[in-house]
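A.B. asks: First the structure, then my questions, so here it is.
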Amino acid sequence: MADKPVLWLPRRVSDATVARARQSYDVILNDADDVSPPERIIEMSAKVDAMMPCHSEIFSADVVARLDPRLRILANHSVGTDHCDLEALRAKGIAVTNTPDVLSDATAEIAMLLMLGAARRAVEGDRIVRTGGWDFWSPSFMVGKQVSGAKLGIVGMGRVGRAFARKARGFDMEIHYYNRTRLPETEEHGAVYHDTLESLLPEADFLSLHCPATPQTRDLINSETIAKLPRGAVVVNTARGALVDEDALIAALKSGHIAAAGLDCFKVEPGGNPAFATLDNVFMLPHIGSATVWTRDAMGFRALDNLDAFFAGKTPKDLL
Numbered sequence: 003m004a005d006k007p008v009l010w011l012p013r014r015v016s017d018a019t020v021a022r023a024r025q026s027y028d029v030i031l032n033d034a035d036d037v038s039p040p041e042r043i044i045e046m047s048a049k050v051d052a053m054m055p056c057h058s059e060i061f062s063a064d065v066v067a068r069l070d071p072r073l074r075i076l077a078n079h080s081v082g083t084d085h086c087d088l089e090a091l092r093a094k095g096i097a098v099t100n101t102p103d104v105l106s107d108a109t110a111e112i113a114m115l116l117m118l119g120a121a122r123r124a125v126e127g128d129r130i131v132r133t134g135g136w137d138f139w140s141p142s143f144m145v146g147k148q149v150s151g152a153k154l155g156i157v158g159m160g161r162v163g164r165a166f167a168r169k170a171r172g173f174d175m176e177i178h179y180y181n182r183t184r185l186p187e188t189e190e191h192g193a194v195y196h197d198t199l200e201s202l203l204p205e206a207d208f209l210s211l212h213c214p215a216t217p218q219t220r221d222l223i224n225s226e227t228i229a230k231l232p233r234g235a236v237v238v239n240t241a242r243g244a245l246v247d248e249d250a251l252i253a254a255l256k257s258g259h260i261a262a263a264g265l266d267c268f269k270v271e272p273g274g275n276p277a278f279a280t281l282d283n284v285f286m287l288p289h290i291g292s293a294t295v296w297t298r299d300a301m302g303f304r305a306l307d308n309l310d311a312f313f314a315g316k317t318p319k320d321l322l
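For what it's worth, our numbering labels the leading residue of the sequence shown as 3, then goes sequentially.
Structure follows, in structure tokens:
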């Protein structure tokens, strides 16, 4: 019987994923579940045929240039691939896949939680009750921004953006979106298409980011674009921290031009931006958009489907 391909799992994935992986691969685990620095990634590339990295493992051009020829495929345990220099990996002859579709609903749920929590002042309300400070009520107490019936601007109408739009319709929101290409009318479900971000922004009582992080989208939300939003808008980001100029957003939150923000991702991760923690009108989560039991299993299985296809001599479904 031929030897099984050797697979490295640099982060702790679901037990179901590990159990399935061991059926077809000789699996090497990183029991420490820590972030692998470049030297470890390069060292492991000489010992394995495949890796299942997360967004925490960085495959820059410098790292890719030093990878051992034994490594044949990166089956990412993520949708985003901004941690991978895809051009360098292709030039090196290393296949790269990701895990689309399976985490759309979980991430859209977190976007909805952040939007509601930011709009209805969840951080302040939770703290007041927890600390025993709830000793007052009047019609003006803890008044927030209503979501139902408001205008929602979505930047990036891919899988997650469309899943979020479906959920937002349950709140009777008027959906506007900006995307590189317009969706077929049958997929818009009444959403209003904007062919520029500048056209979308003035319509957005709420703005939710769902586009990938690229050189073109870095700091997409900055002082200039924020100024185009209606005063009192709410900004939600469940995509990538690189999309937001955090200093500009903080200034707008302090001035009141932005009423509140709901953030699941930051420029520096883990850790986030301590300046946000000083603001009551920011509702934050530690990048857990896809963190459900079902989704983690589904992400691992999708990555394994891609590996199985590759080692069977077929084209993986999610080859990039």
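We put the CB at the ideal spot given by N, CA and C, even for glycine.
Please read all numbers here as calculations on a predicted model, not as lab measurements.
Distance check for ASP5 and LEU287, CA to CA, integer angstroms please.
C.D. replies: Spanning the two alpha carbons is a distance of roughly 43 Å.
A.B. asks: Answer yes or no: do CYS213 and LEU251 have a C-beta to C-beta separation smaller than 9 Å?
C.D. replies: No, the pair does not count as a contact, with Cβ atoms beyond the cut-off.
A.B. asks: Pop quiz: LEU265 and VAL284 are said to be a contact at Cβ under 8 Å. What is the actual Cβ separation, rounded to whole angstroms?
C.D. replies: Indeed, because the Cβ distance is near 7 Å, the residues count as touching under 8 Å.
A.B. asks: Pop quiz: SER210 and ALA113 are said to be a contact at Cβ under 8 Å. What is the actual Cβ separation, rounded to whole angstroms?
C.D. replies: Between ALA113 and SER210 the Cβ distance is about 6 Å, and since that is below 8 Å, they are a contact.
A.B. asks: Which word fits VAL318, buried or exposed, when buried means at least 16 other C-beta atoms lie within 10 angstroms of its C-beta?
C.D. replies: One detail in the question is off: residue 318 reads as Pro in this sequence, not Val. Result: buried.
A.B. asks: In terms of DSSP beta bridges, what is LYS153 paired with?
C.D. replies: In the DSSP output, where bridge partners are listed per residue, LYS153 has GLU176.
A.B. asks: Count the other C-beta atoms from every protein chain shown that fall within 10 angstroms of the C-beta of ARG298, then say buried if there are 16 or more, exposed otherwise.
C.D. replies: With 16 or more other Cβ atoms within 10 Å, it is buried.
A.B. asks: In this structure, does DSSP put ASN32 in helix, strand or coil?
C.D. replies: In the structure shown, ASN32 sits in coil (DSSP, three-state: anything other than H, G, I, E or B).
A.B. asks: Can you tell me whether MET3 is buried or exposed, with buried defined as 16 or more other CB within 10 angstroms of its CB?
C.D. replies: Summary for MET3: the model assigns pLDDT 46, below 50, so the residue's position carries little reliability; its value from the coordinates is reported in the next sentence. Classification for MET3: exposed.
A.B. asks: Mind checking which residues open and close the alpha helix (DSSP H) that includes THR297?
C.D. replies: First-last of the alpha helix (DSSP H) with THR297: 295-313.
A.B. asks: Given a threshold of 16 other Cβ atoms within 10 Å of its Cβ, counted over all protein chains shown, does ARG92 qualify as buried or as exposed?
C.D. replies: ARG92 comes out exposed.
A.B. asks: Grab me the residues of ALA305's own chain with a C-beta within less than 6 Å of its C-beta, minus the 5 sequence neighbours each way, in chain order.
C.D. replies: These residues qualify, in order along the chain: MET54, ALA77, HIS79, THR101.
A.B. asks: Secondary structure at LEU227, three-state DSSP: helix, strand or coil?
C.D. replies: Correcting the residue type first, residue 227 is Thr in the shown sequence and not Leu. Three-state DSSP puts THR227 in a helix.
A.B. asks: Among ALA52, LEU116, GLY134, which has the Cα closest to the Cα of ALA97?
C.D. replies: The shortest C-alpha separation from ALA97 is found at ALA52.
A.B. asks: Below 8 Å, how does it come out for the region 135-148 and the region 181-193: are there three or more Cβ pairs, yes or no?
C.D. replies: Counting Cβ pairs under 8 Å, fewer than three are found: no touch.
A.B. asks: Taking C-alpha atoms, which residue in SER58, ASP249, ASP70, HIS259 lies nearest to LYS230?
C.D. replies: Nearest C-alpha to LYS230: HIS259.
A.B. asks: Could you tell me the distance, in whole angstroms, from the CA atom of ASP1 to the CA atom of LYS256?
C.D. replies: Here the chain covers residues 3 to 322 and nothing more, so residue 1 does not appear.
A.B. asks: I need the DSSP call for SER210, collapsed to helix, strand or coil.
C.D. replies: It is a strand residue.
A.B. asks: Compute the beta-carbon to beta-carbon distance between LEU203 and GLY155, rounded to the nearest angstrom, for a pair I have assumed lies under 8 Å.
C.D. replies: Going by Cβ atoms, the distance from LEU203 to GLY155 rounds to 7 Å, so yes, they are a contact pair.
A.B. asks: Based on Cα-Cα distance, which residue from ASN181, SER26, THR219 lies nearest to SER201?
C.D. replies: Cα-wise, what sits closest to SER201 is ASN181.
A.B. asks: Could you check if PRO12 is buried or exposed, using at least 16 other CB atoms within 10 Å of its CB as the buried criterion?
C.D. replies: Burial call: buried.
A.B. asks: Going by C-alpha distance, which of ALA206, GLU176, ARG164 is nearest ALA235?
C.D. replies: Nearest option by C-alpha distance: ALA206.
A.B. asks: Go to THR19, then tell me how far its alpha helix (DSSP H) extends in each direction, as first and last residue.
C.D. replies: Run containing THR19: 17-26, per the alpha helix (DSSP H) assignment.
A.B. asks: Is ARG242 near the ligand GTP, with its Cβ less than 8 Å from a heavy atom?
C.D. replies: The ligand GTP is not part of the structure shown, which contains no ligands of any sort.
A.B. asks: Output needed for ALA254: all residues of its chain with C-beta closer than 7 Å, excluding positions within five of it in sequence on either side, in chain order.
C.D. replies: Hits under 7 Å: ILE228, ILE260.
A.B. asks: Nearest to ALA300 by alpha carbon, out of LEU31, ASP17, VAL104?
C.D. replies: Ranking the options by Cα distance to ALA300, first place goes to VAL104.
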